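Participant: Residue numbers (this note's numbering): 1 to 531.
#1: Please report how far the alpha carbon of residue 220 lies from the alpha carbon of residue 154, in whole angstroms.
#2: Return the first residue and the last residue of the beta strand (DSSP E) that residue 220 is part of.
#3: Going by Cα to Cα distance, which pick from 198, 276, 351 is closest to residue 240?
#4: Name the DSSP bridge partner or partners of residue 455?
#5: Compute the beta-carbon to beta-carbon distance between residue 524 and residue 498, rounded to the nearest angstrom, for a pair I have assumed lies under 8 Å.
#6: Taking the beta strand (DSSP E) that residue 503 belongs to, which residues open and close that run?
#7: So who's on the other strand from residue 47, going by DSSP bridges?
#8: Going straight from the alpha carbon of residue 501 to that of residue 520, what length do you get?
#9: Within 10 Å of its beta-carbon, does residue 445 have 16 or more other beta-carbons around it, so buried, or fewer, so exposed?
#10: Measure the CB-CB distance between residue 254 and residue 287 and report whether it falls below 8 Å.
#11: Does the separation of the CB atoms of residue 138 and residue 490 fall below 8 Å?
#12: For residue 182 versus residue 166, is the C-beta spacing smaller than 8 Å?
#13: Please name the residue, chosen from 64, 434, 363, that lies closest to residue 414 on a Cα-to-Cα basis.
#14: Please work out which residues of its chain come closer than 6 Å, Cβ to Cβ, to residue 353, disregarding the five sequence neighbours upstream and downstream, and give them in chain order.
#15: Which first and last residues belong to the alpha helix (DSSP H) in which residue 170 is found?
#16: Do residue 196 and residue 235 have their C-beta atoms closer together than 8 Å?
#17: Please state if the CB of residue 423 and the CB of residue 474 are separated by a distance shorter than 8 Å.
#18: If you drop the 5 nearest sequence neighbours on each side, which residues of the same chain put their C-beta closer than 6 Å to that of residue 65?
#19: Who does residue 382 pair with in a DSSP beta bridge?
#20: Using three-state DSSP, classify residue 405 as helix, strand or coil.
#21: Nearest CA to the CA of residue 105: which residue from 118, 131, 116, 141?
#22: Can you tell which of 4, 59, 56, 13 has the C-alpha that lies nearest to the C-alpha of residue 33?
#23: Going straight from the alpha carbon of residue 78 to that of residue 447, what length do you get?
#24: Using CA coordinates, which residue listed in 298, 172, 410, 510 is at the minimum distance from residue 312?
#25: As an exercise, report each continuous alpha helix (DSSP H) stretch of at least 4 residues that is fully enclosed by the stretch 43-117, in chain order.
#26: What does the Cβ neighbour count give for residue 189, buried or exposed, with the cut at 16 atoms within 10 Å?
#27: As an exercise, report each continuous alpha helix (DSSP H) stretch of at least 4 residues that is fully enclosed by the stretch 292-376, in chain order.
#28: Does the stretch 99-114 touch the stretch 190-210, meaning 3 or more C-beta pairs lie closer than 8 Å?
#29: How long is the line joining the alpha carbons of residue 534 and residue 280, rounded to whole angstroms?
#30: Could you tell me the alpha carbon to alpha carbon distance between residue 21 and residue 31, rounded to whole angstroms?
#31: Suppose contacts are defined by Cβ-Cβ distances below 8 Å. Is residue 526 in contact with residue 211 by that definition?
#32: Quick one: what's got a C-beta closer than 6 Å to residue 113's C-beta in the same chain, skipping five residues either side?
#33: Distance, Cα to Cα, residue 128 vs residue 134?
#34: Quick one: give me the first and last residue of the beta strand (DSSP E) that residue 490 is part of.
#35: I need the straight-line Cα distance from residue 19 to residue 67, nearest angstrom please.
#36: Counting along the chain, where does the beta strand (DSSP E) carrying residue 286 start and finish?
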């Protein structure tokens, strides 16, 4: 099947545009002006009515299963106060009689515009219910708050031992209900398994929502995180067979031990997935926690707690065996690193890596100039989330020094030093709307335009830099920059049609962009109904 899209503004490269594009099956054949492309043999022709056509969005780090499961629970993202959260919890219980456990995710006190700005405690959540466990995961996914009933059922008291790579807060009255990193498992165990049929239905909805936002590829971290590896491989093979009408999926995979990783690297990862639209990707490790939860591993103590340097989730001696297995099998490695100490130690254990391996740092937030130089020198990737500034600008105030703030979230400096960046939302930590993410990279403000002067404006990205990070940069992170991330002959026909010319408008208007059509491999998988 040969298709032509014409009368469009087609983004080819910075300052370069074409009018028409010819697609044969799943690949781009030619670009040019309307007349020359329409003269070529074709079966279909679509008039784009002057709209803007760009490469499909490639989100370099999300959690598909978490997004999907959360859609059936209480969603707390954007809650404006402690009272707002409590009321949402009470309403959810009232609307769902017979509920055995209340689970929610997405709260972040940096979003609070009223009342106290602090973490939720058991005393707060007891006001929602004392009869059933209440478990609320912070937006970052690295902290849990729970009520007294959850503590009782989990058997956690003031004498309970702490967990390696995690912690829970205790005061003079006992556990406060605040859990961090590996200690989250003490409470998470109370949550019943999410049924696979229910998950499949929710994931189908998630895939369709991604297409409606112009996302044609996701790098999804689910294996070993949301589901045991053995279950995960079977589940995804069943959920995503050949020719499924979904975005492409590049799997980022966690394993509990080096031995488990070695087993699957040998038995599974050297075979092809069930669908050509799915690819096995990197080993994913977690070094530290989150900035907002003050569990990111930092060199200097947090400003509001001189004893807190964050949580070392994976000490170097435990990381090295994973690294050895990855290097032996030729598998890429990505590590969750937010704090500066987390990045420093991760780069130390990355010593066996070569440039061709394309190992990377996911988040890469708290940096100084020397660290950026080292990332560039070692040719490590930076998987960044500009949308995190939505809440982190506020969170930084009580976390790190002003000097360190000036060199953090330093994406322009990274680019200037030659660091390759790939953009992502880390959804469900943030919504997967790519245009909000692009806005934050260009304006360095939250979605309401605050602070008015922006945050460390020397680090703003241009639209083209952000867009390339979201397309070509993410393709590079999956070793596919030779066939994805650009609209050019020979590349996969993954593209999206927009309702406005993002190259001619202000950043705040880019945030409002709507996708009119999404094409994956030459197939139209989404069309806006009012288009």
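Glycine residues also receive a C-beta, built at the ideal position from the N, C-alpha and C atoms.
Note that the structure is predicted; figures quoted are calculated from it, not measured.
Facilitator: In brief:
#1: 30 Å
#2: 215-223
#3: 276
#4: DSSP output for residue 455 lists no bridge partner at all.
#5: Not confirmed; about 15 Å, so no contact.
#6: Run containing residue 503: none; DSSP gives neither H nor E here.
#7: 6
#8: 21 Å
#9: buried
#10: no
#11: no
#12: yes
#13: 363
#14: 359
#15: Note, residue 170: premise wrong, no alpha helix (DSSP H); beta strand (DSSP E) at 166-171.
#16: yes
#17: yes
#18: 222, 226
#19: 361, 421
#20: helix
#21: 141
#22: 4
#23: 11 Å
#24: 298
#25: 64-70, 82-95
#26: exposed
#27: 316-329, 340-349
#28: yes
#29: Examination of residue 534 is not possible in this model, given that the chain is present from 1 through 531 alone.
#30: 4 Å
#31: yes
#32: 80
#33: 8 Å
#34: Where residue 490 is concerned, there is no enclosing beta strand (DSSP E), given that its DSSP letter is neither H nor E.
#35: 37 Å
#36: 278-286
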